[in-house]
Amino acid sequence: MAVAQCKPGAHLRLARVLDQRAEFLQFLDRNALRIDSTLRNCQHRAGAGTITIHVDGGVRVALSEAAAANLLVEPVAEKR
0 MAVAQCKPGA
10 HLRLARVLDQ
20 RAEFLQFLDR
30 NALRIDSTLR
40 NCQHRAGAGT
50 ITIHVDGGVR
60 VALSEAAAAN
70 LLVEPVAEKR
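In this text, residue positions in the sequence shown follow numbering that gives the first Met the number 0: the first is 0, and each later residue adds one.
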């Protein structure tokens with residue numbers, strides 16, 4: 000499923016990147032978004048067309064809905 004489809008607060012693992020354009024991959028790298036990174040979907044602002052995520056518990060990244068649709072994720076169990 001794509002990040003754009005996840006519920007707020009979901010704990011996820013980045014499994015696949017659909018958009019393979021160099022500039023998109025560079026954006027992901029600059030923001031520590033790599034395959035197997037853990038993410039938390041924090042906020043979806045439909046009116047603004049943005050989704051904010053936390054990467055590996057630290058970096059906060061705002062994505063457009065279109066960009067988030069290109070990031071395929073899998074749910075992960077929360078650490079207790």
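Idealized CB from N, CA, C, for every residue including glycine.
Among residues of its own chain, excluding the 5 on either side of residue i, which ones have a beta-carbon nearer than 6 Å to its beta-carbon?
i, result
"residue 9", "40"
"residue 59", "53"
"residue 73", "12 and 14"
For residue i, which of helix, strand or coil comes out of DSSP?
i, result
"residue 24", "helix"
"residue 42", "strand"
"residue 65", "helix"
"residue 16", "strand"
Smallest Cα separation from residue i: which of the options?
i, options, result
"residue 57", "32, 21, 5 and 26", "32"
"residue 80", "0, 35 and 26", "This structure cannot speak to residue 80, because the chain is shown only from 0 to 79."
"residue 64", "44, 53, 74 and 12", "44"
"residue 35", "4, 51 and 55", "55"
Enumerate in chain order the residues of its own chain whose CB-to-CB distance from residue i is below 8 Å, with the five nearest sequence positions on each side excluded.
i, result
"residue 6", "40"
Does the region 14–21 come close enough to the region 57–70 to have 3 or more Cβ pairs within less than 8 Å?
yes
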